[in-house]
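In what follows, a single structure is set out as structure tokens and then discussed.
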Amino acid sequence: MTERKIKANSRKQMRWQAPVQSSYPKERIMKQVVSQVLVNGVLSKPFVPFRGIRQCDPISPHIFMLFHRMLSTALLKAENQSIIHGIKMSRNSMPLSHLLFADDSFIFFRAN
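Per my numbering, the sequence shown starts with residue 339, numbered consecutively.
Spelled out as structure tokens, the structure:
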């Protein structure tokens, strides 16, 4: 879809549409994104991504679970190395550093 078509369609309002903004503003749709990745400590050349994972894509939950697993592993490793310290709910309980459930992430740290 071209920028001209997006602008033309954004001015139209269908009969069934609410008069308020019901989706992304056109500034976010038309904005060009430039990305870089870090590979073995070296930053890649900037590139424009032309595909990505859209909301409601069937692979999204799997990527999210992969991220949560990596985050959990990193937090547990940091806790085992005494870099971070979780909190205890009671005197005899084990320290709690994080809870990951569905699309929520709770991270608990003891303040010094």
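Just so you know, even glycine gets a beta-carbon here, dropped at the ideal spot from N, CA and C.
Neighbourhood of residue i by C-beta, 7 Å cutoff - its chain only, sequence neighbours within 5 removed
i	result
A440	none
Q419	none
Start-to-end residues for the alpha helix (DSSP H) that takes in residue i
i	result
F405	398-418
Own chain, CB closer than 8 Å to residue i, minus 5 neighbours either side, in chain order
i	result
S283	In the structure as shown, the chain begins at 339 and stops at 450. Residue 283 is therefore absent and cannot be evaluated.
S410	H436, L438
F334	Shown here, the chain extends from 339 to 450; a query on residue 334 therefore has no answer.
S431	none
E417	H423, G424, P433, S435
Other residues of its chain near residue i: CB distance less than 6 Å, five sequence neighbours each side excluded
i	result
L413	S435, H436
W354	For W354, the predicted structure reports a pLDDT of 48, less than 50, and the residue's modelled location is therefore unreliable. A value from the coordinates is still provided. So the list is empty, once near-sequence residues are dropped.
P433	G424, K426
The beta strand (DSSP E) enclosing residue i, as first and last residue numbers
i	result
S435	It is not in any beta strand (DSSP E) - S435 carries neither H nor E in the DSSP assignment.
I445	442-445
Whole-angstrom C-beta distance between residue j and residue i, which should lie under 8 Å
i	j	result
L458	H406	Outside the displayed range of the chain (339 to 450) lies residue 458, so it cannot be described from this structure.
Cβ contact (3+ pairs, closer than 8 Å) linking the stretch 418-429 and the stretch 438-449: Here the stretch 418-429 makes contact with the stretch 438-449; the two share three or more CB pairs at distances below 8 Å.
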